[in-house]
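One structure below.
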Amino acid sequence: MKRLFTLVFLPLLSAAQPTEGYVISGKISGLKDSAQVILLDGAEGRQLGKTTVKNGSFVFKGRVEDPSIYQLSFQGLQGMVDFFMGNDAVTVTADASDLTKATVKGSYLQEDFQAFKKQFIPYLQQLQGLAGMINPERDPRKKDSLMQIYTGVRSNAVNASVQFVRARKTSPVSAFVLSVMAPIFNSISEVESYYAELTPAAHKGAFARSLEKNISDAKVGTVGTQALDFTQKDTNGKPVSLSSFRGKYVLVDFWASWCRPCRMENPNVVNAYNTYKNKNFTVLGVSLDQSRPNWLQAIQADNLAWTHVSDLQYWNNAVAQLYHIQSIPANFLIDPNGKIIGRDLRGDDLNRALKQVLNK
């Protein structure tokens, strides 16, 4: 059973070149004097400053650590002016009647950002539009046709992203592009390889940090990595740690009593357990249940005779969060040294994997 997620693209913004500090000089035609102007850190959502308009102009001064997203909002006006700023002398000019046509100058990365907007916003809009048509389409032939179009646009967008960042390896805008476009790449490891080509100067700012975290998170639970240790209480309320199974092959099995696919898979896990439990193998069940009685009843009904743990927090189960579990059933096969050697092994695949490592 899967949880549904919606990808929301962040606002598309511009960038700046470091100096001793930033100076934002703005002139908004048609904006009345004494109107408030607020400077926001768009990446973190916090207010950095507030001033008032005098003779149609305003000024902000300060210092930032790295280039990041910043936004200007104006009292009485719809929308905001967004830009990616470092410690630069930036000028902002616009007409109060249409902030979307605002001009931001003074950032050496502004041309990179403008190139991104011109090239990639159409791709993103087209992909989102196609996704909106594909999801509700019931006719298989129409759906296949739309998917072919979507795949083609997606491929072009990925190729354009690669060309963009390879041409701008020193630019923080390249980290921004990879962060925004990452969801359409084939894998996060592919994104990581292009991010690694960028220079340290491009590995700065909120988008770079966010991208690095996403890359790091994506590696959790991958085959060949060390399993992350955890501790939860078993059915008797006793804390049990994954590390306590070190020296054995252990299948960490994520399931729940309410999950029909999990319950259908349980007989296969029971068979594997009974076949190999005397060959240095066991199972550790991690339940995403909310109801303790339902959890215990399912364990008994399905004859799950191994150790079970849960914090009864449903999808907020701490272990599921740690391993970024987005659907169940899910599992990880871990060797005696704590290394993950298989994942999402079900049915015959689980038995083949266990036979390979245990019948030596």
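The opening residue of the sequence shown carries number 133 in the working numbering; numbering runs sequentially from there. Ideal Cβ placement from N, Cα and C applies to all residues, glycine included. The structure presented is a predicted model; accordingly, all values stated were derived computationally and were not measured.
Run through DSSP, which three-state label would residue i get?
{"i": "residue 290", "result": "helix"}
{"i": "residue 455", "result": "coil"}
{"i": "residue 237", "result": "strand"}
{"i": "residue 260", "result": "helix"}
{"i": "residue 222", "result": "strand"}
{"i": "residue 431", "result": "helix"}
{"i": "residue 254", "result": "helix"}
{"i": "residue 232", "result": "strand"}
{"i": "residue 298", "result": "helix"}
{"i": "residue 178", "result": "strand"}
{"i": "residue 274", "result": "helix"}
{"i": "residue 266", "result": "helix"}
{"i": "residue 140", "result": "Unreliable positioning characterises residue 140 in this predicted model, as indicated by a pLDDT of 38, which lies under 50. A coordinate reading is not provided."}
{"i": "residue 483", "result": "helix"}
{"i": "residue 403", "result": "helix"}
{"i": "residue 398", "result": "helix"}
{"i": "residue 460", "result": "coil"}
{"i": "residue 148", "result": "Confidence in residue 148 is poor, its pLDDT being 38 and thus under 50, which makes the residue's placement unreliable; the coordinate value appears in the next sentence. Three-state result, residue 148: coil."}
{"i": "residue 310", "result": "helix"}
Have a look at the DSSP bridge pairing and note the partners of residue i.
{"i": "residue 387", "result": "419"}
{"i": "residue 169", "result": "183, 206"}
{"i": "residue 366", "result": "441"}
{"i": "residue 472", "result": "466"}
{"i": "residue 159", "result": "189, 225"}
{"i": "residue 382", "result": "414, 466"}
{"i": "residue 408", "result": "Residue 408 pairs with nothing; no bridge assigned."}
{"i": "residue 371", "result": "365"}
{"i": "residue 154", "result": "194"}
Return the Cβ separation of residue i and residue j in integer angstroms, given the expectation that the two are a contact with Cβ distance under 8 Å.
{"i": "residue 388", "j": "residue 457", "result": "The pair is not a contact, with the Cβ atoms about 11 Å apart (cut-off 8 Å)."}
{"i": "residue 160", "j": "residue 226", "result": "5 Å"}
{"i": "residue 415", "j": "residue 401", "result": "6 Å"}
{"i": "residue 386", "j": "residue 374", "result": "Not really, about 13 Å apart at Cβ, beyond 8 Å."}
{"i": "residue 172", "j": "residue 188", "result": "Contact flag wrong, Cβ pair sits at about 21 Å."}
{"i": "residue 408", "j": "residue 310", "result": "Wrong, their Cβ atoms sit about 43 Å apart, outside the cutoff."}
{"i": "residue 475", "j": "residue 355", "result": "6 Å"}
{"i": "residue 505", "j": "residue 446", "result": "Coverage of the chain is limited to positions 133 through 492, which leaves residue 505 absent and any answer about it impossible."}
{"i": "residue 296", "j": "residue 287", "result": "Between residue 287 and residue 296 the Cβ distance is about 15 Å, and since that is not below 8 Å, they are no contact."}
With a CB to CB cut of under 7 Å and the five nearest residues on each side skipped, what residues in its chain are close to residue i?
{"i": "residue 302", "result": "331, 333, 334"}
{"i": "residue 394", "result": "387, 388, 460, 461"}
Looking only at its chain, what residues have a beta carbon closer than 6 Å to the beta carbon of residue i, apart from the 5 residues adjacent to it on each side?
{"i": "residue 314", "result": "323"}
{"i": "residue 158", "result": "190, 224"}
{"i": "residue 116", "result": "The requested residue 116 does not occur in the structure, where the chain is confined to residues 133 to 492."}
{"i": "residue 180", "result": "171, 173"}
{"i": "residue 304", "result": "147, 199, 334, 336, 337"}
{"i": "residue 434", "result": "398"}
Starting from the C-beta of residue i, find all residues in its chain whose C-beta is less than 8 Å away, skip the five residues before and the five after it, and write them out in chain order.
{"i": "residue 221", "result": "151, 154, 155, 157, 238"}
{"i": "residue 484", "result": "none"}
{"i": "residue 285", "result": "255, 258, 259, 262"}
{"i": "residue 371", "result": "363, 364, 365"}
{"i": "residue 272", "result": "none"}
Going along the chain, which unbroken runs of the beta strand (DSSP E) with 3 or more residues stay wholly within the segment 312–360? none
For a minimum of 3 consecutive residues, which ranges assigned as the beta strand (DSSP E) are wholly contained in the segment 189–224? 189–194, 200–206, 212–217
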